[in-house]
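If you use this note's numbering, the sequence shown corresponds to residues 1 to 66, in order.
The beta-carbon is built from N, C-alpha and C at its ideal position, and this holds for glycine as well.
Being a predicted model, the structure only gives us computed values, none of them experimental.
Below: one structure, written as structure tokens.
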Amino acid sequence: MKNQVQIFEDEFLNENSGEAVKGVTVVVDGYFKQVLDTILQNEKSYGGYTNLIANALARGINKTIK
1 MKNQVQIFED EFLNENSGEA VKGVTVVVDG YFKQVLDTIL QNEKSYGGYT NLIANALARG
61 INKTIK
């Protein structure tokens, strides 16, 4: 099982402003999926991968900039 996280970047058009914006896709697979599944099993408040990953990203950014 691979121990890596795959993240893809793409560009989208904001329909309201017409501005090009970046979007990312996170692939939840392998060991990364096992880790996330364990967290989700123990912390039901996240409700799913999206909220868990968003929370982890925000915490990591906050820790990095402090």
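The beta carbon of T25 sits closer than 6 angstroms to those of F8, all from its chain and outside the five residues before and after it, given in chain order. The secondary-structure analysis by DSSP pairs D10 across a beta bridge with G23. The DSSP-derived three-state label of K63 is helix. Of the candidates Y31, G30, D10, N16, D10 places its Cα closest to the Cα of K22. L52 is classed as buried because its beta carbon has at least 16 other beta carbons within 10 Å across all chains shown. Around the CB of F12, fewer than 16 other CB atoms lie within 10 Å, so the residue is classed as exposed.
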